[in-house]
Structures are given as C-alpha cells and as structure tokens.
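Going letter by letter, the sequence shown gives residues 20 to 106 in our numbering. Right, one structure below, let's go through it.
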Amino acid sequence: MLAHELDKQIKSVVARELIVGEEAYLERVTALKDEAHQAISQAMEKEKKTFDQAATDFMVHHLDCSAKDLARIKTERQAAYTQFIAQ
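This is the structure:
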C-alpha cells in the first residue's frame, strides 16, 4: 500500500535538495531509490518485515516522514482498495 508513497516521498526529498539540472536530479532520485530498495529488501529478509513495515521505517528514518501520517495514508489506501474491490 505504501509503494506509491515511497516514490512520492523520495522525489519530494530530492526536489528540496539544491540540484542543478534534470540529469543530476534523476541520478539522485535513482540513487535514493536504490538505497531504499537495499534497506527495504534487507529488512524484509533479515527482520521478516512486510514491505509496508520496511518502507515505513525507511521513510521515517531517511526521508523525515511521520509514522503517524504514513499509518493514516496506509489506512486510507486500504479502505479505498477495499471499496474498489467491493464494486
């Protein structure tokens, strides 16, 4: 449920950095996505966390996101998905 939010937060963090040029911006986004992938994969494998748990940890510790806000977003997305499936 949080894959889209992770992508959005990575791009938001990079956009706040003082980066000149589209190529440099895209390189930084890619580097941060690689870092997220490595951290999340490792947490899922070694700590047996779900993707959402590992992504939340990464966003809180590396992207300065609020755990409370991420929990709310996850709940809203789950509700929207459940409603969509019920139609």
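Even glycine gets a Cβ: it sits at the ideal position worked out from N, Cα and C. Please read these numbers as outputs of a predicted model, since none were measured by experiment.
Where residue i falls, given that 16 or more other Cβ within 10 Å makes a residue buried
| i | result |
| --- | --- |
| residue 62 | buried |
| residue 77 | buried |
| residue 24 | buried |
| residue 50 | exposed |
Euclidean distance between Cα positions of residue i and residue j
| i | j | result |
| --- | --- | --- |
| residue 105 | residue 70 | 24 Å |
| residue 41 | residue 26 | 17 Å |
| residue 86 | residue 99 | 20 Å |
| residue 79 | residue 68 | 15 Å |
| residue 96 | residue 72 | 15 Å |
| residue 57 | residue 93 | 22 Å |
Own chain residues within Cβ distance below 7 Å of residue i, not counting five before or after
| i | result |
| --- | --- |
| residue 48 | 29, 30, 33 |
| residue 38 | 44, 47 |
Proximity to residue i [Cα-Cα], best of the options
| i | options | result |
| --- | --- | --- |
| residue 59 | 101, 21, 99 | 21 |
| residue 90 | 52, 101, 74 | 74 |
| residue 35 | 88, 82, 93 | 82 |
Cβ-based neighbour list, residue i, same chain, cut-off 6 Å, excluding 5 preceding and 5 following
| i | result |
| --- | --- |
| residue 102 | none |
Cutoff 8 Å; reference residue i; Cβ partners in own chain excluding five residues on either side
| i | result |
| --- | --- |
| residue 66 | 73 |
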